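**Q** What follows is a structure written as structure tokens; I'll ask about it next.
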Amino acid sequence: MKVSQMVDALSLKVLAGERFLDREAESGYCCDLLSRVMAKGKKGMAWITVQTHMNIVAVAALVEMACVIIPEGIEVDRKVLDKAEEEGIIVLSSDLTAFELAGKLYQMGITPVCEAVD
Amino acid sequence: MKDGYYSIEQVFRIKAWDFASAGEASSQIKKILKQLGIDPALTRRVTIAAYEAEMNLIIHSVGGEMRLKVTPQSIIVTAEDRGPGIPDIALAMQEGYSTAPEIARELGFGAGMGLPNIKRCADRLNIQSSVGKGTLLEMYFDIKAG
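Protein sequence lines, in the order shown, are assigned to chains R and W. Residues in the first sequence are numbered from 178 upward in steps of one, following this note's numbering. Residues in the second sequence are numbered from 362 upward in steps of one, following this note's numbering.
Written out as structure tokens, the structure is:
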């Protein structure tokens, strides 16, 4: 599914990476511990996290994620968004909780990130 | 691996507690490997291990440097710091064990998965540490003939 379809279906706000919205999102993961995300992260995954500091951009870029989704309307610092723009990372925001977002994405056919190491 | 390809070596300085530029060295390493045409799955393994090592230097050390070396047969990433050293390496290798301070945990680090992640990603690993002196972490990745 294209990230733009997720944005439309869930009325997500695009905070960064607008020009990359036709990127494919294949799987999803929800976690706030960055080492876990690095361990489980898959290319093309949508990542839901309440973390909003600079390192989410590094993690998303290194894992080559489809997008990062920030729940509960949490604000993200301009510097972080500028860095995301620079690295080609899509950052989305929603007023929904991580739980609701994950549930809706699951219903839309986004699969849980599988545990196999590539 | 393409013909006409030479060994390269690059050094990155890592500052303690520099969370703002954390991930810069790993991003550079990833870009270099991409430019060299290294297999994407191998590049991912190297960059994940490099990121964990970089974060370890930022969170735990007084500062140090990372080095990327690429030869036709292998990729070697080293992380060397000037202290404080790891008293019990076996314990540090255990998943879930962490000595990360509260400030790092608030940022989502300190899950005790750094070294285990590195071990999983690297083909071979060598750690030497001496309390009060520093730690040398060497990560080896084989480039298989394609």
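The beta carbon of each residue, even a glycine, is placed where N, CA and C say it ideally should be. Bear in mind the structure is a predicted one, so any value in this text is a computation, not a measurement.
Between the Cα of E249 (chain R) and the Cα atoms of R:Q182, R:C208, R:G218 and R:S270, which residue gives the shortest distance?
**A** R:S270
**Q** Could you give the residue range of the beta strand (DSSP E) that holds K430 (chain W)?
**A** G425 to V431
**Q** Rounded to whole angstroms, how far is the Cβ of I437 (chain W) from the Cβ of I488 (chain W), which I believe are closer than 8 angstroms?
**A** The C-beta separation of I437 (chain W) from I488 (chain W) comes to about 14 angstroms, leaving the pair out of contact by the 8 angstroms criterion.
**Q** Give me the chain R residues within the contact set of I409 (chain W), using Cβ-Cβ distance strictly less than 9 angstroms, ordered along the chain.
**A** M215, A216, G218, L239 and V240
**Q** T408 (chain W): buried (16+ other C-beta within 10 angstroms of its C-beta) or exposed?
**A** buried
**Q** Note down the Cα distance separating A386 (chain W) from R428 (chain W), rounded to an integer number of angstroms.
**A** 9 angstroms
**Q** If you follow the beta strand (DSSP E) that D259 (chain R) is part of, which residue opens it and which one closes it?
**A** First-last for D259 (chain R): R255 to E264, but that is the alpha helix (DSSP H), not the beta strand (DSSP E).
**Q** What are the start and end residues of the alpha helix (DSSP H) that includes K392 (chain W)?
**A** E385 to Q396
**Q** Can you give me the C-alpha to C-alpha distance between E499 (chain W) and T439 (chain W), rounded to a whole angstrom?
**A** Rounded to whole angstroms, E499 (chain W) to T439 (chain W) spans 4 angstroms at the Cα level.
**Q** Can you pull the chain R neighbours of L397 (chain W), defined as C-beta to C-beta under 8 angstroms?
**A** Those do not exist, as L397 (chain W) stays about 17 angstroms from chain R at its closest Cβ, beyond 8 angstroms.
**Q** Could you tell me whether the segment 446–463 of chain W touches the segment 198–209 of chain R, using the rule of 3 or more Cβ pairs below 8 angstroms?
**A** no
**Q** Can you confirm whether K392 (chain W), when its beta carbon is compared against all beta carbons of chain R, has any partner nearer than 8 angstroms?
**A** no
**Q** On the DSSP letters alone, give me the boundaries of the beta strand (DSSP E) that E380 (chain W) sits inside.
**A** According to the sequence shown, residue 380 (chain W) is Phe rather than Glu. Counting along the chain, F380 (chain W) sits inside no beta strand (DSSP E), nor does DSSP assign it H or E at all.
**Q** For L210 (chain R), go through chain W and note every residue whose CB falls closer than 7 angstroms to its CB, in chain order.
**A** G469 and A472
**Q** Residues of chain R with a CB under 7 angstroms from the CB of N478 (chain W): which are they?
**A** S212, M215 and A216
**Q** Against chain R, does Y458 (chain W) count as a neighbour if the rule is that its beta carbon must be under 8 angstroms from one of theirs?
**A** no
**Q** With a threshold of 8 angstroms between beta-carbons, can E292 (chain R) be considered close to chain W, or not?
**A** At E292 (chain R) the pLDDT is 48, less than 50, meaning the model places this residue with poor confidence and gives no usable figure here.
**Q** Could you give the first and the last residue of the continuous beta strand (DSSP E) run that contains S270 (chain R)?
**A** Bounds of the beta strand (DSSP E) holding S270 (chain R) are V268 to S270.
**Q** Who are the neighbours of F502 (chain W) on chain R, taking C-beta pairs under 7 angstroms?
**A** Simply none; closest approach about 14 angstroms.
**Q** Taking 8 angstroms as the threshold, find out whether the segment 370–386 of chain W comes into contact with the segment 274–289 of chain R through three or more Cβ pairs.
**A** no
**Q** Give the interface partners of Q284 (chain R) over in chain W, defined as CB-CB distance under 7 angstroms, in chain order.
**A** Chain W residues near Q284 (chain R): none, gap ~27 angstroms exceeds 7 angstroms.
**Q** Can you list, in chain order, the residues of its chain with a C-beta nearer than 6 angstroms to that of G280 (chain R)? Leave out the 5 residues immediately preceding and following it.
**A** none
**Q** Which residue or residues does DSSP assign as beta-bridge partners of K494 (chain W)?
**A** Beta-bridge pairing links K494 (chain W) to no other residue.
**Q** Counting beta carbon pairs with one atom in the segment 382–398 of chain W and one in the segment 476–483 of chain W, are three or more of them shorter than 8 angstroms?
**A** no
**Q** Which residue comes first and which comes last in the beta strand (DSSP E) that contains V438 (chain W)?
**A** Where V438 (chain W) is concerned, the enclosing beta strand (DSSP E) stretches over S435 to D442.
**Q** Smallest Cα separation from M242 (chain R): which of R:Y206, R:K220, R:D209 and R:E195?
**A** R:K220
**Q** Does V175 (chain R) come out as helix, strand or coil in the three-state DSSP assignment?
**A** Lying before the first or after the last residue shown, residue 175 (chain R) is absent from chain R, which here runs from 178 to 295.
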